[in-house]
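Q: One structure, pasted below without further comment.
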């Protein structure tokens, strides 16, 4: 099954409160378990092990997997000194240094170091969107994308603007007298202003 190379994800700690996820199997779930369950169906694996780069559907499975890396590491990379428990992991890691990418996408020719990365990439070409919004019917490939979309319907706005809106308009157009908050807005206005847009008295002065 194909999975996307990169996708926006929600960690377990910041999952939106109001999420209604479509379930392939027809079961009902809480928001957190629904996201985890849906990953099983479309094989989305947003949690990556920093040691061996394996991908997992949830943080619990990732943590369980990472225990193997806490054991004594015997295999050492001769290039950078990084150590590994298994020869397979060392072999995959070495491709970082050699630049080897043996897994090629038959659709676009893009190459990857691991088969799992290729699998995640392939969904770009299939266009599969198994998740449907119950409110408007729009379909999505990833549970996380559907979750973000649902905020449009719930009105939830978890992201705050970092800009300070003072209402100040320091940029003045010498042609029409309008004031703007940004220099780019002033430039765009100046390009659009014609003599006919100016006050009548100023038009007469320019004749």
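Residue numbers (full-length UniProt numbering): 1 to 207.
Just so you know, even glycine gets a beta-carbon here, dropped at the ideal spot from N, CA and C.
Where residue 118 and residue 154 are concerned, what is the direct C-alpha to C-alpha distance, given to the nearest angstrom?
A: For the purposes of this step, residue 118 is taken as residue 118 along the chain shown, with counting starting at 1. For the purposes of this step, residue 154 is taken as residue 154 along the chain shown, with counting starting at 1. Cα to Cα, residue 118 sits roughly 35 Å from residue 154.
Q: In the DSSP assignment, find the alpha helix (DSSP H) that holds residue 98 and state where it starts and stops.
A: Taking the chain shown and counting its residues from 1, the one referred to as residue 98 is at position 98. From DSSP, the alpha helix (DSSP H) with residue 98 extends over 87 to 98.
Q: Name, in chain order, the residues that DSSP records as bridge partners for residue 172.
A: Taking the first residue of the chain shown as position 1, residue 172 is located at position 172. Residue 172 is bridged to 179.
Q: Tell me where the alpha helix (DSSP H) around residue 157 begins and ends.
A: If you number the chain shown from 1, residue 157 lands on position 157. Unbroken run through residue 157: none, as it is neither H nor E.
Q: According to the neighbour-count rule (16 or more other Cβ atoms, all chains shown, within 10 Å of its Cβ), is residue 93 buried or exposed?
A: As a first step, residue 93 must be located in the chain shown, where it is residue number 93. Residue 93 should be labelled buried.
Q: Using the DSSP secondary-structure output, state which residues sit across from residue 114 in a beta bridge.
A: Position 114 of the chain shown, counting from 1, holds the residue named residue 114. Bridge partners of residue 114: none, in fact.
Q: I need the DSSP call for residue 202, collapsed to helix, strand or coil.
A: Start at 1 with the first residue of the chain shown, and residue 202 comes out as number 202. Here the model assigns residue 202 a pLDDT of 48, short of 50, so the residue's position is not dependable, and the following value carries that caveat. Three-state result, residue 202: helix.
Q: Can you say whether residue 14 is buried or exposed, counting buried as having 16 or more other CB atoms within 10 angstroms of its CB?
A: Your numbering for residue 14 matches position 14 in the chain shown. Note that residue 14 scores 45 on pLDDT, short of 50, meaning its location in the model is unreliable; the coordinates nonetheless yield the value given after this. Burial call: exposed.
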